[in-house]
Amino acid sequence: MSERTIYFKSRKSLFFSMVVLCMFLGNSVLIYTLFANANPEKTQLIISILIIVPFAMLWFYFKTAYSLSPTTFTYQTGPIKGQIPIADIRSIKLNTTLWVGFKPATATKGIIIYYNTYDEIYISPKDNTAFKEALLSISPSITVL
0 MSERTIYFKS RKSLFFSMVV LCMFLGNSVL IYTLFANANP EKTQLIISIL
50 IIVPFAMLWF YFKTAYSLSP TTFTYQTGPI KGQIPIADIR SIKLNTTLWV
100 GFKPATATKG IIIYYNTYDE IYISPKDNTA FKEALLSISP SITVL
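Residue 53 in numbering that gives the first Met the number 0 sits at position 54 of the sequence shown, with consecutive numbering throughout.
Listed below in structure tokens is the structure:
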């Protein structure tokens, strides 16, 4: 394996895209209603939250990505970043969805990565097969379930 890092963008499902869009539009209507009908001093906290949440969702939407280096798998979703040593990865399961657990992902039918003894993480790269092949080229001992 070469010493370069391979980057993978996250696939975005229609459902996740619609949630982000509806949250943005819904919050815009709520903010307008609060400004039009209430005393802004009393609604400052509510309006702050209504502004922050959709921008956080946009951050997750546009900044979810993964990378593989010769020694490390790195993920980022919005402000959340993390790394898993490739040597700690035991197995992966393709084209599945993890409904409970840590999911730096924006779509279903992704990949579950099992690492350490009991840890798992769900990701949704644009191309599951390309991610699997890149990971296996770094560490062929990883089991594909």
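Yeah, the Cβ is synthetic: ideal placement off N, Cα and C, and Gly gets one too.
Classification of residue i by the beta-carbon crowding that lies within 10 angstroms, buried from 16 upward
i, result
"Ala86", "exposed"
"Pro78", "exposed"
"Ile45", "exposed"
"Ala146", "Past the edges of the chain, shown from 0 to 144, lies residue 146, and the structure says nothing about it."
"Thr76", "buried"
"Leu67", "buried"
"Ile51", "exposed"
"Ile48", "exposed"
Own chain partners of residue i with C-beta closer than 7 Å, once the 5 adjacent residues on each side are dropped
i, result
"Ile122", "Tyr65, Tyr74, Pro103, Ala104, Gly109, Ile110, Ile112"
"Ser12", "Thr105, Ala106, Thr107"
"Pro53", "Met22, Phe23, Asn26"
"Leu135", "Ile141"
Rounded C-alpha distance that separates residue i from residue j
i, j, result
"Phe14", "Ser140", "35 Å"
"Tyr31", "Pro124", "37 Å"
"Lys89", "Gln82", "It is worth fixing the name first, because residue 89 is Arg in this sequence and not Lys. Answer to the nearest angstrom: the Cα atoms are 15 Å apart."
"Pro146", "Ile137", "The structure shown does not extend to residue 146, since the chain is modelled only from 0 to 144, so the question has no answer here."
"Ser16", "Ser9", "12 Å"
"Lys80", "Lys62", "10 Å"
"Phe7", "Leu29", "36 Å"
"Phe101", "Asp118", "10 Å"
"Tyr60", "Thr116", "30 Å"
"Lys131", "Val19", "29 Å"
"Trp58", "Ala133", "26 Å"
First through last residue of the beta strand (DSSP E) which encompasses residue i
i, result
"Ala133", "Premise fails: Ala133 lies in the alpha helix (DSSP H), 127 to 137, not in any beta strand (DSSP E)."
Residue i, enclosing alpha helix (DSSP H) - first and last residue
i, result
"Tyr74", "Careful: Tyr74 lies outside any alpha helix (DSSP H), inside the beta strand (DSSP E) at 71 to 76."
"Ala55", "43 to 61"
Other residues of its chain near residue i: CB distance less than 8 Å, five sequence neighbours each side excluded
i, result
"Thr71", "Gln82, Ile83, Pro84, Ile85"
Chain-order list of residues whose beta-carbon lies under 6 Å from that of residue i (same chain, five-residue window excluded)
i, result
"Ile120", "Phe101, Ile112"
Review point. If you pair each beta-carbon of the stretch 0 to 10 with each one of the stretch 88 to 98, do three or more pairs fall below 8 Å?
Key: no
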